[in-house]
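See structure below.
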Amino acid sequence: MADFDAILWDFGGVLTTSPFEAFNRYERDRGLPLDFIRRINATNPEHNAWAQFESSRMELDAFDAAFLEESTAAGHPIPGRDVLALLSGDVRPRMVAALQTCKLHFRNACLTNNVKHGRGPGMATDSERADRVQDVMTMFDLVVESSIEGVRKPEPRAYEIVLERLGVAPERMLFLDDLGINLKPAAKMGMTTIKVLDEQQALSDLSRVTGITFDV
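Residue numbers (this note's numbering): 466 to 681.
What follows is the structure, encoded as structure tokens:
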């Protein structure tokens with residue numbers, strides 16, 4: 466078995482379906498360029514409306530207006546509230562089962578960029594979905610949310626908070642995230658990283674790195 470003390474999990478796009486899928490559906494339905502919303506969020510990524518809202522430096526009404534301004538400048542006006550309605554994904558049962566297995570061998574933490582919107586840390590749009598997310602959250606030894614801490618991935622401080630609270634050295638931690646931009650600072654610190662592209666690939670890579678067999 467791999468020589469780790471803890472596994473750090475992103476939430477959306479890892480343990481739930483990616484909001485990017487919902488973004489693309491929204492874009493297709495409205496005749497917008499594919500990945501237009503992601504492009505807005507990736508422009509000026511440290512200071513744009515998305516970054517400020519995720520780290521609680523901007524309130525809802527201000528975010529709604531700021532995102533509308535940014536998207537209009539890029540050619541297609543989208544109110545920020547429209548994007549928020551797309552954030553809550555569906556829990557991935559096989560990934561949750563993998564988390565349960567990992568609990569038998571490692572400490573587990575969640576580091577999620579989220580916003581103060583919807584129900585709970587998964588930003589659920591209804592109580593049933595919120596309950597499913599909460600069931601997953603209770604499996605972690607530690608949950609760190611950008612909207613509470615005021616820092617977000619890929620800011621180094623976000624990872625430092627996890628390491629300090631778990632008392633784990635970065636070289637002893639494995640990190641799964643669906644965004645390369647979030648994995649780079651962790652790898653630079655010394656963490657082993659897995660970029661999650663889909664469930665099967667993630668479980669295969671997790672098995673290879675940990676030496677544990679998962680259902681793929």
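Glycine residues also receive a C-beta, built at the ideal position from the N, C-alpha and C atoms.
Once DSSP output is grouped into helix, strand and coil, what is the label at residue i?
i, result
"A550", "coil"
"M654", "helix"
"T481", "strand"
"M638", "strand"
"A471", "strand"
"N506", "helix"
Count the other CB atoms within 10 Å of the CB of residue i; is the residue buried (16 or more) or exposed (fewer)?
i, result
"T658", "buried"
"H582", "buried"
"T481", "buried"
"E534", "exposed"
"N557", "The residue you asked about is not Asn; residue 557 is Arg in the sequence shown. Buried: at least 16 other Cβ atoms inside 10 Å."
"L499", "exposed"
Give me the residue from the options with the minimum Cα distance to residue i.
i, options, result
"M638", "A574, L499, L644 and L525", "A574"
"R490", "L480, R503, Y624 and V479", "R503"
"A516", "V627, E492, A652 and V580", "V580"
"D468", "E664, E636 and L662", "E636"
"L525", "G540, E511 and G545", "G545"
"V479", "F571, M656, S669 and V561", "V561"
"G540", "H512, P510 and L497", "L497"
"V548", "R559, F528, V661 and L564", "F528"
Roughly how far, in whole angstroms, is the beta-carbon of residue i from the beta-carbon of residue j, given that I think they are within contact range, below 8 Å?
i, j, result
"V633", "A471", "5 Å"
"S536", "I543", "4 Å"
"R617", "N578", "5 Å"
"T566", "F679", "6 Å"
"L569", "F488", "No, L569 and F488 are not in contact; Cβ-Cβ is about 35 Å, not under 8 Å."
"A531", "A514", "4 Å"
"E492", "F485", "Contact doesn't hold; Cβ gap of about 10 Å is too wide."
"N647", "P619", "5 Å"
Any heavy atom of the ligand ADP inside 8 Å of the beta-carbon of residue i?
i, result
"F469", "For the structure depicted, the ligand ADP is absent and the ligand set is empty, with no information on it obtainable."
Is there contact here, the region 519-534 with the region 607-619, by at least three beta-carbon pairs under 8 Å?
yes
Decide if the region 468-477 is in contact with the region 643-660; the criterion is three or more beta carbon pairs, one per stretch, under 8 Å apart.
yes
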